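Residue numbers (the UniProt record's numbering): 1 to 309. Where is the CB? At the ideal position from N, CA and C, for every residue including glycine. Bear in mind that the values here come from a model prediction, so they are computed numbers and not experimental data.
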Amino acid sequence: MKPVVYIMEPVDERALKVLPEKDFTLVLPDAEPADWADIQALVVRGQVAVDRELIDRCPGLRVIVRNGVGVNNIDVAYATERGIQVLNVPGVNAATVAEHTLGLMLLLVRGMYRLIREVKENNYAYREEYKGRELRGLTLGLIGRGDIGSRVADSAAVFGMEVIYTSRSGGDRADGYRSREELLASADVVSLHLPLTEETDGLMDAVAFEKMKTGSYLINTARGEIVVGNALLAALESGKLAGYASDLMVKGDEDTVNQLVNHNRVLITPHAASLTELTYYELSERGLRHVKDFTEGKAIPEEFRVNRL
1 MKPVVYIMEP VDERALKVLP EKDFTLVLPD AEPADWADIQ ALVVRGQVAV
51 DRELIDRCPG LRVIVRNGVG VNNIDVAYAT ERGIQVLNVP GVNAATVAEH
101 TLGLMLLLVR GMYRLIREVK ENNYAYREEY KGRELRGLTL GLIGRGDIGS
151 RVADSAAVFG MEVIYTSRSG GDRADGYRSR EELLASADVV SLHLPLTEET
201 DGLMDAVAFE KMKTGSYLIN TARGEIVVGN ALLAALESGK LAGYASDLMV
251 KGDEDTVNQL VNHNRVLITP HAASLTELTY YELSERGLRH VKDFTEGKAI
301 PEEFRVNRL
């Protein structure tokens, strides 16, 4: 019997050739499995919750693949208990998320979004009021310096920024390592590059904002839940924070979130940093190749194994 693969969220159609019909039975997002017991592989991105209920519906499940990095939508502990391998695709989206981070930084710090909006409203004279800042000469503080953070650091240096960072694994002060408190106090721009964990959930709260340099900026292309919405709004209103740009919604009540979305010093994009045509294909292709390799008994490199069985 051919392995049944339930692709629960959209993938690039070009990547489907990795799992040819002669070797695999594919269930696509707009369909329902004929028999949940036959499913051997689930493929998701970030929207479907692969929880106990879903896992239990698939008694024959062998592998769960996340076409991305974060696995907070997957109950990894329960999958491990059930002997199910969880795989992800780290590193593939690093370049595009780093680009998005720099794009948000330019739009926010240079005030470019406001410039574009004023011209669209026929206010070309706004140029006389404009007093934007340059990235050149500013200090960028990276909270987390993995694949994405390192790429952001390299690009920021080209713009003439001084780069400092803090990391759970520590570092060398000569290379720019600082404690989190030092970084928040001295960085003109703080950029978040962290996974969502119990430790990082709500990390940027009122206490953290109070430690930041007055008039600084915050960029978030990591996870929305890392930033506490009401604390962010208060920091913007007090002038502690000059602006916030993110590819994700913040953690907060509906009213706070609405105020932030419409705030004139906030830029939010709809979690689209890794949705470029090239990266979307690469994520899809690598994820489906994981399914093929796993079901064929090929060794999966440790870097892609979320859990150890």
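Proximity to residue i [Cα-Cα], best of the options
{"i": "residue 183", "options": "158, 157 and 210", "result": "210"}
{"i": "residue 166", "options": "140, 158 and 156", "result": "140"}
{"i": "residue 307", "options": "284, 81 and 196", "result": "81"}
{"i": "residue 186", "options": "208, 197 and 172", "result": "208"}
{"i": "residue 44", "options": "291, 189, 105 and 121", "result": "291"}
{"i": "residue 197", "options": "59, 219 and 73", "result": "73"}
{"i": "residue 147", "options": "90, 286 and 214", "result": "90"}
{"i": "residue 48", "options": "15, 24, 10 and 191", "result": "10"}
{"i": "residue 214", "options": "192, 206, 204 and 188", "result": "188"}
Residue interval of the beta strand (DSSP E) (run including residue i)
{"i": "residue 84", "result": "Counting along the chain, residue 84 falls outside any beta strand (DSSP E), and DSSP gives it neither H nor E."}
{"i": "residue 41", "result": "39–44"}
{"i": "residue 116", "result": "Run containing residue 116: none in the beta strand (DSSP E); it sits in the alpha helix (DSSP H), 112–120."}
{"i": "residue 322", "result": "The chain is shown only over 1 to 309; residue 322 falls outside these bounds and no answer can be derived."}
{"i": "residue 284", "result": "Where residue 284 is concerned, there is no enclosing beta strand (DSSP E), although the alpha helix (DSSP H) it sits in stretches over 277–295."}
{"i": "residue 267", "result": "266–268"}
{"i": "residue 163", "result": "162–166"}
{"i": "residue 189", "result": "189–192"}
{"i": "residue 89", "result": "Counting along the chain, residue 89 falls outside any beta strand (DSSP E), and DSSP gives it neither H nor E."}
{"i": "residue 4", "result": "4–7"}
{"i": "residue 197", "result": "No beta strand (DSSP E) contains residue 197, which DSSP labels as neither H nor E."}
Span of the alpha helix (DSSP H) around residue i
{"i": "residue 103", "result": "94–109"}
{"i": "residue 149", "result": "147–158"}
{"i": "residue 183", "result": "180–186"}
{"i": "residue 310", "result": "Residue numbering for the chain in the displayed model covers 1 to 309; residue 310 lies beyond these limits and cannot be assessed."}
Pairwise C-alpha distance: residue j and residue i
{"i": "residue 217", "j": "residue 236", "result": "10 Å"}
{"i": "residue 298", "j": "residue 63", "result": "13 Å"}
{"i": "residue 265", "j": "residue 243", "result": "5 Å"}
{"i": "residue 233", "j": "residue 33", "result": "45 Å"}
{"i": "residue 230", "j": "residue 168", "result": "26 Å"}
{"i": "residue 294", "j": "residue 95", "result": "26 Å"}
{"i": "residue 126", "j": "residue 87", "result": "51 Å"}
{"i": "residue 134", "j": "residue 22", "result": "56 Å"}
{"i": "residue 156", "j": "residue 163", "result": "7 Å"}
{"i": "residue 195", "j": "residue 70", "result": "7 Å"}
{"i": "residue 282", "j": "residue 238", "result": "43 Å"}
{"i": "residue 75", "j": "residue 50", "result": "6 Å"}
{"i": "residue 20", "j": "residue 130", "result": "56 Å"}
{"i": "residue 4", "j": "residue 277", "result": "27 Å"}
{"i": "residue 102", "j": "residue 160", "result": "13 Å"}
{"i": "residue 191", "j": "residue 258", "result": "22 Å"}
{"i": "residue 105", "j": "residue 152", "result": "11 Å"}
Sequence-distant residues of its chain with Cβ nearer than 8 Å to residue i (five each side left out)
{"i": "residue 107", "result": "113, 245 and 267"}
{"i": "residue 110", "result": "132, 133, 134 and 135"}
{"i": "residue 170", "result": "177"}
Close Cβ partners of residue i (< 7 Å) along its chain, the five nearest in sequence each way excluded
{"i": "residue 273", "result": "96, 97, 100, 221 and 247"}
{"i": "residue 251", "result": "202, 224, 225, 227, 228 and 229"}
{"i": "residue 289", "result": "18"}
{"i": "residue 263", "result": "236"}
Cutoff 6 Å; reference residue i; Cβ partners in own chain excluding five residues on either side
{"i": "residue 93", "result": "274 and 279"}
{"i": "residue 200", "result": "194 and 226"}
{"i": "residue 144", "result": "193 and 194"}
Note to self: For a minimum of 4 consecutive residues, which ranges assigned as the alpha helix (DSSP H) are wholly contained in the stretch 220–263?
What the structure shows: 229–238 and 254–261
Item checked: 4 or more residues per run - each alpha helix (DSSP H) lying fully within the stretch 11–82 -> 52–56 and 76–81
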